[in-house]
Amino acid sequence: MEEQLLTEILRELRASNEALYEMKRELKQIKEDTNFISDSGLSLSQRTAIASETLVDKFTA
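For the record, in the sequence shown the residue sitting at position 28 is 41 according to the working numbering, with numbers rising by one throughout.
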């Protein structure tokens, strides 16, 4: 019984770790996209529109 509980906890920890890794990867990509937009020479309103669209796309996909 105890071994089964530990196995289940380990399984949940691995799933959580994978989810956190994926979120970290997505945040890194957002940061790279944001840096690109910042260096693009676009106006603030254009950069804001692009960033907003990018975030909506990432979190609604």
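We treat Cβ as the ideally placed atom computed from N, Cα and C, and that holds for glycine. Just so you know, these numbers come straight off a predicted model, no measurement behind them.
Under the three-state reduction of DSSP output, ASP52 falls in the coil class, being neither helix nor strand.
As the crow flies, the alpha-carbon of SER65 is around 16 angstroms from that of LYS41. Spatial neighbours of SER51 in its own chain (CB-CB distance under 8 angstroms, excluding positions within 5 residues in sequence) are listed in chain order as ARG60.
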